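Read through the structure below, which is laid out as structure tokens, and then see the notes.
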Amino acid sequence: MAYDPFAQADLFLRELGAQHTAHPGGTLLTHLHRVRARLDAWNARPALQLAGLCHAFYGTDGFPQPLLALDRRAELAAAIGEEAEAIVHLYASCDREATYPALATPGGAFRDRFTGGTRTPGPSARRDFAELTAANELDIAAEDPTFRDRHGPALLTLLTPFRPLLSEPAWQDCVSVLGSSTQRHGP
0 MAYDPFAQAD
10 LFLRELGAQH
20 TAHPGGTLLT
30 HLHRVRARLD
40 AWNARPALQL
50 AGLCHAFYGT
60 DGFPQPLLAL
70 DRRAELAAAI
80 GEEAEAIVHL
90 YASCDREATY
100 PALATPGGAF
110 RDRFTGGTRT
120 PGPSARRDFA
130 ELTAANELDI
140 AAEDPTFRDR
150 HGPALLTLLT
160 PFRPLLSEPA
170 WQDCVSVLGS
180 STQRHGP
């Protein structure tokens, strides 16, 4: 039987209780699977899809409830591969307030919320981060009409500067999901 990193990631998430962790739109596990499915629909490569499925392992700036301590990164890397784990770590480490404004700017600083330090991810890492950010935010907006109505215009404003980093399917999904709330509320 061939090794299936998606099945291994799902098993690991379940072992850590993701199916019992509340999250907007249901449980954390259902959210993570929807994020992965959205990335798949955008034709993201497997490593980015795996990162989407696992993006909350270390917690995030918006959901600071880690399933796994940072000193256990090697365990996640063994399950999903080093490339996918590196994307998960980058996503989890982001200080959003400090990083988002310059994310699409080549050479823009990326602040690490774990260390307080800054770094400059390359173009590929920035694209992965932007795509995962969009998939995560769009999942919540698509699942919760009240959230979408309340925050959709602000999310579209947030994601619009990321457009150069997003694939065309990702950007079209942003417009499709968030554009309807903008039309109701104006620009």
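Take the sequence shown: its position 21, counting from 1, is numbered 20 in numbering that gives the first Met the number 0, and each next residue is one higher.
Backbone N, C-alpha and C define an ideal beta-carbon position, used for all residues, glycine too.
Quick caveat: nothing in here was measured; it's all calculated off a predicted structure.
Problem set entry | Pair within 7 Å by beta-carbon distance, T117 and A124 | By one-based count along the sequence shown, residue 117 stands at place 118. By one-based count along the sequence shown, residue 124 stands at place 125. No, Cβ-Cβ distance for T117 and A124 is not below 7 Å.
Exercise. So A43 is in the alpha helix (DSSP H); what residue range does that whole segment cover?
Worked result: Taking the sequence shown and counting its residues from 1, the one referred to as residue 43 is at position 44. No alpha helix (DSSP H) contains A43, which DSSP labels as neither H nor E.
Exercise. Tell me which same chain residues have a C-beta within less than 7 Å of the C-beta of L27, skipping the five on either side of it?
Worked result: On the sequence shown, residue 27 is found 28 positions in, with the first residue counted as 1. The residues are A17, T20, A55.
Problem set entry | Per-residue DSSP class, three states only, for T117 | As a position in the sequence shown, residue 117 is number 118, starting the count at 1. Looking at T117 - three-state DSSP - the assignment turns out to be strand.
Exercise. In the DSSP assignment, what are the bridge partners of R110?
Worked result: For the purposes of this step, residue 110 is taken as residue 111 along the sequence shown, with counting starting at 1. DSSP, once it has assigned bridges, lists T117 as partnering R110.
Exercise. Hey, how far is the Cα of D70 from the Cα of A78?
Worked result: Start at 1 with the first residue of the sequence shown, and residue 70 comes out as number 71. Start at 1 with the first residue of the sequence shown, and residue 78 comes out as number 79. The alpha-carbon atoms of D70 and A78 are separated by roughly 15 Å.
For this session: Use the C-beta contact count for H184: other C-beta atoms within 10 angstroms, 16 or more gives buried, fewer gives exposed.
Result: Reading the sequence shown from its first residue, position 185 is the one you call residue 184. Below a pLDDT of 50, predicted positions are generally treated as unreliable, and H184, at 43, falls in that range; no measurement from the model is reported.
For this session: State whether the stretch 5-16 contacts the stretch 85-96, with contact taken as three or more CB pairs (one from each stretch) at a distance under 8 Å.
Result: no
Exercise. Hey, how far is the Cα of T159 from the Cα of R147?
Worked result: Against the sequence shown, residue 159 aligns to sequence position 160. Against the sequence shown, residue 147 aligns to sequence position 148. In a straight line, the C-alpha of T159 is about 16 Å away from that of R147.
For this session: Starting from H22, follow its DSSP beta bridges and name the residues at the other end.
Result: Mapped onto the sequence shown, residue 22 falls at position 23. Paired residues: G25.
Problem set entry | 7 Å CB neighbourhood of I139 in its chain, flanking five on each side removed | Sequence index remark: in the sequence shown, residue 139 carries index 140 (1-based). For I139, where only same-chain residues beyond five positions count, the Cβ hits under 7 Å are P23, G24, F146.
For this session: Using 10 angstroms around the beta-carbon of P152, count the other beta-carbons present and answer buried if the total reaches 16, otherwise exposed.
Result: Working through the sequence shown from its first residue, we reach residue 152 at position 153. The residue in question, P152, is buried, as its Cβ has 16 or more Cβ neighbours within 10 Å.
Exercise. Which residues in the same chain have their Cβ closer than 7 Å to the Cβ of D39, if we skip the five residues on either side of it in sequence?
Worked result: Here residue 39 is taken as the residue at index 40 of the sequence shown, counted from 1. Excluding residues within five positions, the ones whose Cβ falls inside 7 Å are Q48.
Exercise. Going along the chain, which residues of its own chain have a beta-carbon closer than 6 Å to the beta-carbon of P65, five neighbours each way excluded?
Worked result: Locating residue 65 in the sequence shown gives position 66, where the first residue counts as 1. Once the five neighbours on either side are set aside, the close Cβ partners of P65 are Y57, G58.
For this session: Grab the span of the alpha helix (DSSP H) containing R240 for me, first residue to last.
Result: Any answer about residue 240 is impossible in this case: the structure gives the chain only from 0 up to 186.
Problem set entry | Own chain, CB closer than 7 Å to L15, minus 5 neighbours either side, in chain order | Translated into the one-based positions of the sequence shown, residue 15 becomes position 16. Answer for L15: L66, L67, listed in chain order.
For this session: Look at the Cβ atom of G61, then the Cβ atom of R35, and state whether they are nearer than 7 Å.
Result: Walking along the sequence shown from the start, residue 61 turns up at place 62. Walking along the sequence shown from the start, residue 35 turns up at place 36. Taking 7 Å as the Cβ cut-off, G61 and R35 do not qualify as a contacting pair.
Exercise. With distances taken between CB atoms, is the gap from L165 to A129 smaller than 7 Å?
Worked result: What you label residue 165 is simply residue 166 of the sequence shown in a count that begins at 1. What you label residue 129 is simply residue 130 of the sequence shown in a count that begins at 1. Taking 7 Å as the Cβ cut-off, L165 and A129 qualify as a contacting pair.
Exercise. Do L137 and L155 come within 7 Å of each other at the CB atom, strictly closer than that value?
Worked result: Position 156 of the sequence shown holds residue 155. Position 138 of the sequence shown holds residue 137. Result no, Cβ atoms of L155 and L137 do not sit closer than 7 Å.
Exercise. Considering only C-alpha positions, which residue in the set F161, H30, S175, T29 is nearest to Y99?
Worked result: Working through the sequence shown from its first residue, we reach residue 99 at position 100. Minimum Cα distance to Y99 is reached at F161.
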